[in-house]
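A.B. asks:
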Amino acid sequence: MPAPIIPILGPSLRFPPASEAPRQGLVALGGDLSVERLLAAYRSGIFPWSAAPITWWSPDPRAIFEFDDVHVSRSLRKTLRREVFRTTLNQCFGQVIRACATAPRHGDDTWISPAIIEAYDRLHRAGWAHSLEVWKGDQLAGGIYGVGIGGFFAGESMFHHVSDASKVAVVCLLEYLQSRGYVLFDTQMLTETTRSLGAVEITRIAYLERLKAATDLPVTFGVPPGNSENAS
């Protein structure tokens, strides 16, 4: 069987249908990482995974968090209750994404290259990309960043310098998003950490149906870029 032909993107912001991509999820190559193209990608159920070349993905199945089914272990619940950490929103997006870029990835090169960082910095300044920071005292202990459109949030990456800080970031972000009216949290693919917190897989078709409904909701993140608000 011949290998599938992967479309090469031109100037148009339109993507090939994610539903027609092979199961591993490579939808297209090329294009750019402009704010407009990134937003078009997320609305289509697609995300970038490299910048040289630019590759666009929509795997099947897709991993998500169900807001009402987050697993918080006894030890993590104790950590949250003891208020070992404090959390903020959109206080230092640049530090969070750069810390994610240097986090260990089981020997793999990180996909968060300088070009990706620059693109998501632009997306943050435009009000679409957001961060939650976890602090221990005055030190940044962990964090997570992602993209919000309507009632949809795509969690992109997280990091920790202190044990449990990334799990605290996920739990606190999920709680905050639910309070704002978000209905879909995309974590793309399962990892050991997200699975332990209750992330599950759904089919790409089910994901795309839920994505359309979520992005149509009149929901906002609530904290403008460059501002700060306690998340918990």
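Be aware that the sequence shown starts at 632, since it is given in the working numbering, and climbs by one per residue. The beta-carbon is built from N, C-alpha and C at its ideal position, and this holds for glycine as well. None of the values given here were measured: they were computed from a predicted structure.
(1) Could you check whether T718 and L763 sit closer than 8 Å to each other, using their CB atoms as the reference points?
(2) Please report the straight-line C-alpha distance between G786 and Y673, rounded to a whole angstrom.
(3) What number of angstroms, rounded off, separates the C-alpha of D663 from the C-alpha of A750?
(4) For R753, which of L640, Q655 and L670 has the nearest alpha-carbon?
(5) Taking the CB atoms as reference points, tell me whether Q635 and G656 lie closer together than 8 Å.
(6) Among G812, T846, G773 and D769, whose alpha-carbon lies nearest the alpha-carbon of I728?
(7) When burial is assigned at 16 or more other CB atoms within 10 Å of the CB, is P679 buried or exposed?
(8) For L782, count the other beta carbons within 10 Å of its own beta carbon; 16 or more makes it buried, fewer makes it exposed. Which is it?
(9) Under DSSP, the alpha helix (DSSP H) around H755 begins and ends at which residues?
(10) When you compare the region 836–846 with the region 696–704, are there three or more beta-carbon pairs, one atom per stretch, that lie closer than 8 Å?
(11) By DSSP's criteria, P785 is part of a beta bridge. Which residues make up the other side?
(12) Where T851 and I780 are concerned, what is the direct C-alpha to C-alpha distance, given to the nearest angstrom?
(13) Pick from T846, V799 and D817: whose alpha carbon is nearest that of H702?
(14) 8 Å is my cut-off, CB to CB: does S794 come that close to chain C?
(15) Between which two residues does the beta strand (DSSP E) containing I833 stretch?
(16) Can you tell me which of Q819, G661, S665 and V715 puts its alpha carbon nearest to the alpha carbon of I748?
(17) So, are the CB atoms of A734 and L821 less than 8 Å apart?
(18) With a cut-off of 8 Å on the beta carbons, I'd call V801 and L711 a contact; round off their distance for me.
(19) Is the Cβ-Cβ distance between I743 and S706 less than 8 Å?
(20) Taking Q722 as the reference, which of R708, Y776 and L808 has the closest Cα?
(21) Residues in the same chain with beta-carbon distance under 7 Å from A757, minus the five sequence neighbours each way, listed in chain order, please.
(22) Pick helix, strand or coil for F612, following the three-state DSSP scheme.
C.D. replies: In short:
(1) In this structure, the beta-carbon distance from L763 to T718 falls below 8 Å.
(2) So the two alpha carbons sit approximately 11 Å from each other.
(3) D663 and A750: Cα-Cα distance of roughly 9 Å.
(4) Per the Cα distances, L670.
(5) It is worth fixing the name first, because residue 635 is Pro in this sequence and not Gln. Contact: no.
(6) For I728, the nearest C-alpha among the options comes from G773.
(7) Buried is the label assigned to P679, since at least 16 other Cβ atoms lie within 10 Å of its Cβ.
(8) Reading off the sequence shown, one finds Gly at residue 782, where the question assumed Leu. It is buried - the Cβ of G782 has at least 16 other Cβ atoms within 10 Å.
(9) Its alpha helix (DSSP H) spans residues P745 to R756.
(10) Contact fails: fewer than three Cβ-Cβ distances are below 8 Å.
(11) Note on identity: in this sequence residue 785 is Ala, with Pro being the wrong assignment. V778 and D817.
(12) Each residue's Cα considered, the two are about 8 Å apart.
(13) Comparing C-alpha distances from H702 to each of T846, V799 and D817 shows the shortest one belongs to V799.
(14) Within the model displayed, chain C is absent; a lone protein chain is all it includes.
(15) Counting along the chain, I833 sits inside the beta strand (DSSP E) bounded by residues V831 to I833.
(16) Selected option, being the one with the closest Cα: S665.
(17) The Cβ-Cβ distance between A734 and L821 does not fall below 8 Å.
(18) Not a contact, Cβ separation roughly 12 Å.
(19) No, these two residues do not count as a Cβ contact at 8 Å.
(20) The option with the nearest alpha carbon to Q722 is Y776.
(21) Excluding residues within five positions, the ones whose Cβ falls inside 7 Å are V666.
(22) Absent from the model: residue 612. The displayed extent of the chain is 632 to 863, so no value can be given.
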